[in-house]
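Each remark here refers to the structure printed beneath this line.
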Amino acid sequence: MRIISSKMKKIVSLIIFLCIILSVVAQKNENKSLFTSDDIEKITSDFYENLDLSSHFVNKNLDSALFYAFKAQNLLPLVKTDTSAIALYLNMGDIYNATGNFETSLNYYYNAKFLTDSLLELEPGSPNLISKQVRILNKVGVSFFSQRNFEQAMKYYDEAILVLEKNKPSNKIETDQTRLRLLSNIAAVYIQLSDYDKALLSYQSALEIGENHFGEKLESSIFNNMGICYMEKGQFNLANYYFNKALKIREESNDRRGVAQCFNNIAKNAVQQKNYATAREYYEKALNLGREIGNKESILNSLQSLSTLYHETQNDRQAYLTFIEYSILKDSLFNVQNMNRIAQIEMKYKFDQQQNLFDVELKRRENERQKAELLYLIIGGSLFFMLLISVLLIFLQRSRIRNDRLLKDKLELEHKNTLLEKQKLKEELDYKNRELTTNVMYLLKKNELITGITEKLIKAKPYFKTENQKIISEIIQQLKSGSENDIWSEFEAHFTSVHNGFYDRLADLYPTLSSNEKKLCAFLRLNLSTKDISTITTQSVNSITVARSRLRKKLNIQGEDVNLINFLMQL
319 MRIISSKMKK IVSLIIFLCI ILSVVAQKNE NKSLFTSDDI EKITSDFYEN
369 LDLSSHFVNK NLDSALFYAF KAQNLLPLVK TDTSAIALYL NMGDIYNATG
419 NFETSLNYYY NAKFLTDSLL ELEPGSPNLI SKQVRILNKV GVSFFSQRNF
469 EQAMKYYDEA ILVLEKNKPS NKIETDQTRL RLLSNIAAVY IQLSDYDKAL
519 LSYQSALEIG ENHFGEKLES SIFNNMGICY MEKGQFNLAN YYFNKALKIR
569 EESNDRRGVA QCFNNIAKNA VQQKNYATAR EYYEKALNLG REIGNKESIL
619 NSLQSLSTLY HETQNDRQAY LTFIEYSILK DSLFNVQNMN RIAQIEMKYK
669 FDQQQNLFDV ELKRRENERQ KAELLYLIIG GSLFFMLLIS VLLIFLQRSR
719 IRNDRLLKDK LELEHKNTLL EKQKLKEELD YKNRELTTNV MYLLKKNELI
769 TGITEKLIKA KPYFKTENQK IISEIIQQLK SGSENDIWSE FEAHFTSVHN
819 GFYDRLADLY PTLSSNEKKL CAFLRLNLST KDISTITTQS VNSITVARSR
869 LRKKLNIQGE DVNLINFLMQ L
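So for the sequence shown, this note's numbering puts the first residue at 319; every next one is plus one.
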C-alpha cells in the first residue's frame, strides 16, 4: 500500500506540476491571440511573400507553387481580409488549372467570384474590384475552353465584356488590354466552332483597339489566325497577306517557332490554290526550321503535309519516304504524350496527397487551439476539473499520434501501390506501342512490294506470248486479291490480340456492318488517319472519306460534334 501510495503521490505531483505549466502556457496563448499592429503587418507581409512565390512558380514548378500556396493559406485566417482571400483563391485556381484538375480549379475561381461580387455590393463601381471581376470571369472562361465546353466559355467571356462596357474603368490602357485578351479568346472559340466570319469580326475589333497595346507575340498571333480564317473561307489572297504580316513580325522578333508555323500556313494556302511548287518550298522551309529548333510538333506537321503534297504531285517514292519518317516521329511523339500523361497522373496524386496532409495539419492545429482554449477555461474554474481534463488530453494525444501513424502508413502503402500500377501500365503501353508500330510498318512495306511486282507484270504482259497472257492476268489478279486478304488476315490477328473483344462488341451493337466496314472500324480504332488507311489499303483518300461518312450513318452518329474515332475508342 505504501508503494502504491508513493506512486500515487508522484503521479498527483506530476499532474499538478503539469497543470501549473499548462496554466502558464494557456495564459501565454491568450496573450498571443492579441496581436499588435506590428505582428499583423509581419503576418500580412509573409502571406503576400508566399503568394508571390507561388505565383512565380506556377509556370515553372507546380510542386513549389502548391507548397507556397499552402503556406499562404495557413496564414489567411490571421490576415482576415477578403482581398487577400481573393488573391489566394485565384492563385490556387491557376495551379490546379495548370495540372488539368479543372473541377478543383473552378471551385477556387467561383469562391473568388463570390467574394468579389459580395464586395462590389458594398462598393459598387470600385475600379479595382471591377478589374478583379473581369479577370475572374476570363479565367473561368479559359478553364471551360480548356475542357472544350465552348458554350460555357463564351458565356463568361461575354459577361466579362459586358462588365467592361457597363462600368468603363478609369484606366483606359488596362481596360483596352483586357478587352484585347477577351476578344482574342472569343475569336478562338469561334474558330473551334468553324464560325470564321464571327472570328474575323472579333479580330477586327481587337485591331481597332490600337497596336500600341499589342505585344509582338499577340499581334503576330492575331494576324496568323486571321490568315487561317480567310484560308478556310477560300479567300486565299487575303490569307496570304495576313500570313506574311505575321511572318514579318515573327522574323523581326526572332520567334523561330512562330516563323515555322507561318511557313506551314503559307504552304497550306498555296496547296489550296494548287500552287504546288510554292507549297513545297515553304513546307521544306518549315521542316528545316523545325529541325533546327527541335520542335517535334512543327516537324510532324511539315512531314505529313509534304507526304500528302508528294502524293498529289505523283512523286510516290518521296511521298512514301516522307510518310515513313512522319510515322516514326508520330509514334515517338505519341509515346512522349503518354509519358506526360503518366507524369500528370503522378503529379495529381502528389497534389492530392499534399492536400490531405495539409488538411490533417489544419485539423491538428485546430485541435491544439481548442485544447488551449478549453484548458484556459478549466483552469479558471477548478483545479480538480483541470486534472481530469489533463489526463483526458494525454490519452487524446496518444490516440492522435497513433492515428497519424496509421494514416501515414496507409498513405505510404497507397503510394507504393500507385507506383507499381503505373510501372505496369507503362510497360504494357511500351510493348503494345512497339508491336503496333512494327506491324503497321511491315504491312506498308509488304503491300508496296506486292504492288510493285503487280505493276511490273502489268507493264510486261504485252511482251509475253499470247497463250501466256491469260496466265499472267490470273497471276496479277491472284496477287491483288491474295495480297489484300493476307495483309488483312495478318493485321486482324495482331489487332485482335491487342484489342480483344472489340469485334464482338461491334458485332453485338451493329450486326449489319460489312466486312470492309469492320476493317475500317479497326483502322480508326488504332487512330490511323485517312491518309494512313489509304496507304495500307491502296484505296484513294476520297474513297476512304466516303466510306467514313457511310460508317457514321450505320453507327447512328448524329451531328459533327461527335468524333468518329473517339466514338470507336469507347467501344
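The beta-carbon is built from N, C-alpha and C at its ideal position, and this holds for glycine as well.
Own chain residues within Cβ distance below 6 Å of residue i, not counting five before or after
i: V343; result: Only weak support is given to the placement of V343: the predicted model assigns it a pLDDT of 46, under 50, and the value that follows is read from those uncertain coordinates. Result list for V343: empty, nothing under 6 Å.
i: A578; result: A604, L607, G608, S616
i: Q345; result: Confidence at Q345 is low in this model, with a pLDDT of 45, below 50, so the placement of that residue should be treated as unreliable; the coordinate-derived value is given next. So no residue of the chain qualifies.
i: L565; result: C580
i: F462; result: Q470, A471
i: I793; result: none
i: R635; result: none
Within 9 Å, strictly: CB atoms of residue i and residue j
i: L511; j: A478; result: no
i: L438; j: Y475; result: no
i: K779; j: I771; result: no
i: I567; j: E610; result: no
i: L638; j: E766; result: According to the sequence as given, residue 638 is Tyr; it is not Leu. Yes, they are a contact pair.
i: A506; j: A524; result: no
i: L518; j: M549; result: no
i: E534; j: E570; result: yes
i: R823; j: L873; result: no
i: V397; j: I448; result: no
i: R866; j: L844; result: no
i: A387; j: I413; result: yes
i: K551; j: Y514; result: yes
i: R720; j: N685; result: no
i: L714; j: L693; result: no
i: S520; j: S539; result: no
Neighbourhood of residue i by C-beta distance below 8 Å, restricted to the same chain and skipping five residues each side
i: K431; result: Q451, I454, L455, V458
i: K592; result: none
i: N582; result: Y600, Y601, A604, S616, N619, S620, S623
i: E753; result: H812, V816
i: N757; result: E808, F809, H812
i: L761; result: I805, E808, F809, I854
i: N275; result: As displayed, the chain neither begins before 319 nor continues past 889, which places residue 275 out of reach and without an answer.
i: R466; result: Q510
i: Y560; result: F541, N542, M544, G545, Y548
Limits of the alpha helix (DSSP H) - the one that residue i falls within
i: R466; result: Element bounds for R466: n/a, residue is neither H nor E.
i: T848; result: 848-855
i: H629; result: 614-630
i: G576; result: 574-590
i: V864; result: 859-872
i: F545; result: Phe is not the amino acid found at residue 545; the sequence shown has Gly there. Per DSSP, G545 belongs to the alpha helix (DSSP H) from 534-550.
i: P395; result: 380-397
i: K490; result: 490-510
i: F820; result: 820-827
i: G877; result: Counting along the chain, G877 falls outside any alpha helix (DSSP H), and DSSP gives it neither H nor E.
i: T422; result: 420-440
i: S833; result: 833-843
i: Q522; result: 514-527
i: L402; result: Checking the displayed sequence, the identity of residue 402 turns out to be Ser instead of Leu. Counting along the chain, the alpha helix (DSSP H) containing S402 begins and ends at 400-416.
Beta-carbon contacts of residue i that lie in its chain and below 7 Å, excluding the five residues immediately before and after
i: I322; result: Note that I322 scores a pLDDT of 43, beneath 50, so its modelled location is shaky; the value from the coordinates is reported in the next line. Here the set comprises nothing.
i: E574; result: Correcting the residue type first, residue 574 is Arg in the shown sequence and not Glu. So the list reads L607, I611, once near-sequence residues are dropped.
i: N658; result: Unreliable positioning characterises N658 in this predicted model, as indicated by a pLDDT of 47, which lies under 50. A coordinate reading is not provided.
i: A289; result: The requested residue 289 is not part of the displayed model; the chain covers only 319 to 889.
i: I696; result: F703, M704, I707
i: S373; result: N409
i: K378; result: none
i: R870; result: L882
i: L797; result: I768, I771, T772
Any chain D beta carbon closer than 9 Å to residue i
i: I697; result: Among the chains of the structure shown, chain D does not appear; only one protein chain is present.
Practice task
Tell me, please, whether the stretch 586-596 touches the stretch 805-814 by the rule of three or more beta-carbon pairs shorter than 8 Å.
Solution key: no
Exercise for the section: Pair every Cβ in the stretch 418-426 with every Cβ in the stretch 392-400, then say whether three or more of these pairs are closer than 8 Å. Expected result: no
Problem - Sufficient close CB pairs (3 or more, under 8 Å) joining the stretch 361-373 to the stretch 395-409 - result: yes
Handout entry: Validate contact between the stretch 860-867 and the stretch 630-641 using beta carbons, cut 8 Å, 3 pairs
Key = no
Practice task
Would you check if the stretch 837-857 and the stretch 814-829 touch, i.e. whether three or more CB-CB distances between them fall below 8 Å?
Solution key: yes
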